[in-house]
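For what it's worth, the UniProt record's numbering labels the leading residue of the sequence shown as 1, then goes sequentially.
Where a beta carbon is used, it is the ideal one built from N, C-alpha and C, also for glycine.
Bear in mind that the values here come from a model prediction, so they are computed numbers and not experimental data.
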Amino acid sequence: MSIAMRLVTPDSLGEVVDAVAGWQRTGGPVQLHPGDLGWNWSMGGPELAEAVRVWTRDGRILAVGMADDGPGLIRMGIAPSSGDDTMFAARILADLSDPGQGVPPGAVEARFGAAFRDLLERSGWTADEPWTPLSRDLTAPVPGHGLRVEVIDAHQVRDRIVQDRVAVQRAMFTGSRFTLERWRTMAAAPPYRRARCLVGYDGDGEAVATVTVWSAGEGRPGLLEPLGVHRDHRGRGYGRAITMAAAAALREMGSSSATVCTPSSNLGAVATYVSAGFQKLPDVTDFRRPG
């Protein structure tokens, strides 16, 4: 059986998204999700394609790596059928370690694939900072949250709401480079056909919180990426409210669960998700390149 790494073109990104969507499993690890690809698509299709590599066996995509944070981190998704395949894992690591392939990362996010994770450890890769995955089951309805929420999906785009969504995003993270043009690029890409942006408003009509939710398809885990509260409106319960609104939206879209992952050091974020009914899963770490 032939194993190969290949580059991705903007035209083939849809195939990659579909493959990654099919690997999402209820109760499984929070690994690379179509929403991660969709969010990074805001940079543009050619830029995302340049950041993505796929590994195939006999032409079938069985692993995807996406460079994030520049070339410093490769975020991996691995098909469940290949999680224990030592030969496949060895080929991935060989390609990631080869400067000639143009992708040698300083760190690897590999939250699934026992064979690949074991090989990284045996090859001297060390644990990096811990992250906390969280998940909320969506079998039962999500309780109300008391926040007025406006929704932007692929079919309902209102300029004022989009502008509020971008403004809150920029006020969530210091140094954010998110723009209206980047939102439009993301919203025009294939993954957003199964996504929604939610904007939360306080009693005075001020946009205070936002989240983008990504479905991987009926009966699969959905993802919150990103979520946050405007820096001028924190400490008032809006984080919990927008998190619950996000979970309710994913349930309406047919997701089996809502998932998110945040640095374990961000105690406030972890507490917010737990207060919104998410359960903490065991911490995970990225792998740092030896030397």
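Point to revise | Three CB pairs or more closer than 8 angstroms across the stretch 110 to 128 and the stretch 144 to 156 | key: Cβ pair count under 8 angstroms is below three, so no.
Review point. Nearest-angstrom Cα distance between LEU180 and TRP131?
Key: Position 180 of the sequence shown, counted from the start, is the residue given in the question as residue 180. Position 131 of the sequence shown, counted from the start, is the residue given in the question as residue 131. Each residue's alpha carbon lies about 30 angstroms from the other.
Review point. Is it the case that the CB of ARG117 approaches a heavy atom of the ligand SAM more closely than 6 angstroms?
Key: Inclusion of the ligand SAM in the displayed structure is not the case, the ligand content being empty and no account of it being possible.
Check your understanding: From what residue to what residue does the beta strand (DSSP E) around ASP153 run?
Key -> For the purposes of this step, residue 153 is identified with residue 153 of the sequence shown, where counting begins at 1. Neither: ASP153 is in no beta strand (DSSP E) and is coded neither H nor E.
Check your understanding: With DSSP run on the structure shown, which of helix, strand or coil describes ASP36?
Key -> If you number the sequence shown from 1, residue 36 lands on position 36. ASP36: helix per DSSP, three-state reduction.
**Study point:** Simplified DSSP assignment, three categories, for SER81
**Key:** Residue numbering aside, residue 81 sits at position 81 when the sequence shown is read from its first letter. DSSP places SER81 in helix when its eight states are reduced to three.
Review point. Can you name the start and end residues of the alpha helix (DSSP H) that residue 304 belongs to?
Key: For residue 304 there is no data in the structure shown, the boundaries of the chain being 1 and 291.
Point to revise | Contacts around ARG244, its chain only, beta-carbon distance under 6 angstroms, and the 5 residues preceding and following it disregarded | key: Residue mapping note: residue 244 aligns to position 244 of the sequence shown, counting from 1. Residue identity differs from the one stated: residue 244 is Met in this sequence, not Arg. So the qualifying residues of the chain are VAL142, HIS145, ALA276.
Exercise for review: Take the Cβ of ASN266 as the centre, count every other Cβ of all protein chains shown within 10 Å, and call the residue buried at 16 or more, exposed below.
Suggested key: Numbered from its first residue, the sequence shown carries residue 266 at position 266. Residue burial annotation: ASN266 is exposed, with fewer than 16 other C-beta atoms found within 10 angstroms of its C-beta.
Exercise for review: Output the distance between the C-alpha atoms of ALA79 and ALA114, rounded to the nearest integer angstrom.
Suggested key: As a working note, residue 79 is residue 79 in the sequence shown. As a working note, residue 114 is residue 114 in the sequence shown. Those two C-alpha atoms are separated by around 12 angstroms.
Check your understanding: Can you tell me whether DSSP reads PHE173 as helix, strand or coil?
Key -> Position 173 of the sequence shown holds residue 173. PHE173: coil per DSSP, three-state reduction.
Check your understanding: So, using beta-carbon positions, are residue 296 and ALA209 closer together than 7 angstroms?
Key -> This structure leaves residue 296 out entirely; the chain is present only between 1 and 291.
Review point. Alpha carbon to alpha carbon, what distance is there between ASP286 and THR26?
Key: Within the sequence shown, residue 26 is the residue found at index 26, counting from 1. Within the sequence shown, residue 286 is the residue found at index 286, counting from 1. Roughly 22 angstroms between the two C-alpha positions.
Review point. In whole angstroms, what is the alpha-carbon distance linking GLU206 and PRO226?
Key: Position 206 of the sequence shown, counted from the start, is the residue given in the question as residue 206. Position 226 of the sequence shown, counted from the start, is the residue given in the question as residue 226. C-alpha separation (whole angstroms): 20 angstroms.
Exercise for review: Determine the direct distance from the alpha carbon of GLY222 to that of HIS33, and round the result to whole angstroms.
Suggested key: Residue mapping note: residue 33 aligns to position 33 of the sequence shown, counting from 1. Residue mapping note: residue 222 aligns to position 222 of the sequence shown, counting from 1. Cα to Cα, the separation comes out at about 8 angstroms.
Practice item. Note down the Cα distance separating ARG194 from GLY217, rounded to an integer number of angstroms. Key: Here residue 194 corresponds to residue number 194 of the sequence shown, with the count starting at 1. Here residue 217 corresponds to residue number 217 of the sequence shown, with the count starting at 1. Cα-Cα distance, rounded: 8 angstroms.
Exercise for review: Output the boundary residues of the beta strand (DSSP E) element that contains PRO221.
Suggested key: Along the sequence shown, one-based indexing puts residue 221 at 221. That run of the beta strand (DSSP E) goes 221 to 229.
Review point. Roughly how far, in whole angstroms, is the beta-carbon of LEU48 from the beta-carbon of TRP41, given that I think they are within contact range, below 8 angstroms?
Key: Numbered from 1 along the sequence shown, position 48 holds the residue referred to as residue 48. Numbered from 1 along the sequence shown, position 41 holds the residue referred to as residue 41. Right, their Cβ atoms sit about 5 angstroms apart.
Practice item. Return yes when the Cβ of ALA258 is within less than 7 angstroms of the Cβ of ALA248, no when it is not. Key: Counted from its first residue, the sequence shown places residue 248 at position 248. Counted from its first residue, the sequence shown places residue 258 at position 258. Contact: no.
Practice item. List the endpoints of the continuous alpha helix (DSSP H) containing ARG6. Key: Residue 6 sits at position 6 when you count from the first residue of the sequence shown. Premise fails: ARG6 lies in the beta strand (DSSP E), 3 to 7, not in any alpha helix (DSSP H).
Check your understanding: Quick one: is LEU7 buried, meaning 16 or more other Cβ sit within 10 Å of its Cβ, or exposed?
Key -> For the purposes of this step, residue 7 is taken as the residue at position 7 of the sequence shown. Flag for LEU7 reads exposed.
Review point. DSSP on PRO99, reduced to helix/strand/coil?
Key: Stepping through the sequence shown from its first residue, residue 99 is reached at position 99. Looking at PRO99 - three-state DSSP - the assignment turns out to be helix.
Check your understanding: Taking Cβ to Cβ, would you say PRO10 is nearer than 7 angstroms to GLY38?
Key -> As a first step, residue 10 must be located in the sequence shown, where it is residue number 10. As a first step, residue 38 must be located in the sequence shown, where it is residue number 38. Between PRO10 and GLY38, the C-beta gap is not smaller than 7 angstroms, which leaves the two residues out of contact.
**Study point:** C-beta atoms of PRO105 and LEU62 nearer than 7 angstroms
**Key:** Here residue 105 refers to the residue found at position 105 of the sequence shown. Here residue 62 refers to the residue found at position 62 of the sequence shown. No, they are not a contact pair.
Check your understanding: Under 7 angstroms between the Cβ atoms of GLY77 and TRP125?
Key -> What you label residue 77 is simply residue 77 of the sequence shown in a count that begins at 1. What you label residue 125 is simply residue 125 of the sequence shown in a count that begins at 1. Contact: no.
**Study point:** Beta-carbon contacts of ARG91 that lie in its chain and below 7 angstroms, excluding the five residues immediately before and after
**Key:** Indexing the sequence shown from 1 puts residue 91 at position 91. Taken in chain order, the residues that qualify are ILE3, TRP55.
Exercise for review: Rounded to whole angstroms, what's the CA-CA distance from GLY35 to SER215? Just pull it up for me.
Suggested key: The residue you call residue 35 lines up with position 35 of the sequence shown. The residue you call residue 215 lines up with position 215 of the sequence shown. Those two C-alpha atoms are separated by around 7 angstroms.
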